[in-house]
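Worksheet: one structure, shown below.
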Amino acid sequence: MASCHIVKGKTASFDVDPQRGFTPLCPDELPVAGGDEIAPELNQQAQFARLRLVSKDCHPAAAPWVANSPAEILQPVAGDYPNLDVKWPPHCVIGTEGNRLIPGLPDEDDYDLVIEKGSDPLMHPYGACFHDLVEDKSTGAIEWLRREGIETVIVGGLATDYCVKTTALQLLRAGFRVVLNRAACRCVAAETSVQALDELRAAGVEIIASSCELAD
Ligand code: VGL
Numbered sequence: 354m355a356s357c358h359i360v361k362g363k364t365a366s367f368d369v370d371p372q373r374g375f376t377p378l379c380p381d382e383l384p385v386a387g388g389d390e391i392a393p394e395l396n397q398q399a400q401f402a403r404l405r406l407v408s409k410d411c412h413p414a415a416a417p418w419v420a421n422s423p424a425e426i427l428q429p430v431a432g433d434y435p436n437l438d439v440k441w442p443p444h445c446v447i448g449t450e451g452n453r454l455i456p457g458l459p460d461e462d463d464y465d466l467v468i469e470k471g472s473d474p475l476m477h478p479y480g481a482c483f484h485d486l487v488e489d490k491s492t493g494a495i496e497w498l499r500r501e502g503i504e505t506v507i508v509g510g511l512a513t514d515y516c517v518k519t520t521a522l523q524l525l526r527a528g529f530r531v532v533l534n535r536a537a538c539r540c541v542a543a544e545t546s547v548q549a550l551d552e553l554r555a556a557g558v559e560i561i562a563s564s565c566e567l568a569d
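Those letters in the sequence shown? Residues 354 to 569, by our numbering.
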């Protein structure tokens, strides 16, 4: 079973957007089925890592990407906004319940690094490594991991088909070995999740079913 060998001293565990706004705890935001169940797997994968980081969507309440009705969700944002693509329901708004980490995770203070993204109303990034869709403005995650001598990043979080996928690809392009823990992820939709996993596998991300496959 244990087939994915990890050198703990050179490994980081990345909790991507594990926030209540992406779970049934906040049904009016962007609830992902089972999103509130991933904390034990995220905690387990972190046992194999020397450093643990978390990213958070920290959105304003109003922005051009906010869908004002269910019909607008996933419709393109009209206008000249290079760092916006489609509309989403309001989610993970700063200062609200949806912005908080899901139950069962460490306090934010206990992570080695907390990355906040998405606070500019004109930017709705998915990946946690850049503030913008065009990937010009680093959040500092890649530079911090490099400075720490990290070579492998184990990734989980919400959601597989958007923020987890994009973060994994950004890390891979930056030269890290990336391991995606499926049991520590949940997806917005089954179809886009299958596509995401195919794309990640083809790009070179190692996909494991659960942390049971990790070994020292
Ligand atoms: C996400 C859709 C919109 C995610 C964020 O965290 O995967 N998905 N905003």
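Ideal Cβ placement from N, Cα and C applies to all residues, glycine included.
Keep in mind the model is a prediction, meaning the values are calculated, not measured.
Once DSSP output is grouped into helix, strand and coil, what is the label at Trp418? coil
Alpha carbon to alpha carbon, how far is Ala365 from Ala399? Give it in angstroms, no decimals. 8 Å
Considering only heavy atoms of the ligand VGL, does any lie closer than 7 Å to the CB of Phe367? no
Member of Lys518, Gln372 and Thr505 whose CA lies at the smallest distance from the CA of Ile447: Gln372
Less than 7 Å between the CB of Trp441 and some heavy atom of the ligand VGL, yes or no? yes
If you measure from the CB of Ala512, is any heavy atom of the ligand VGL nearer than 7 Å? yes
Going by the CB atoms, is the gap between Leu406 and Asp465 shorter than 8 Å? yes
Measure how close the beta-carbons of Asp370 and Gly510 come, nearest whole angstrom, since I'm counting them as under 8 Å. 5 Å
Reference Pro456; option with closest CA among Gln548, Cys357, Ala549 and Gly388: Gly388
What number of angstroms, rounded off, separates the C-alpha of Arg343 from the C-alpha of Arg499? This structure leaves residue 343 out entirely; the chain is present only between 354 and 569.
Comparing the CB of Tyr572 with every heavy atom of the ligand VGL, is any distance shorter than 7 Å? Given a span of 354 to 569 for the chain in the structure shown, any question on residue 572 remains unanswerable.
Ends of the beta strand (DSSP E) at Thr505? Thr505 to Leu511
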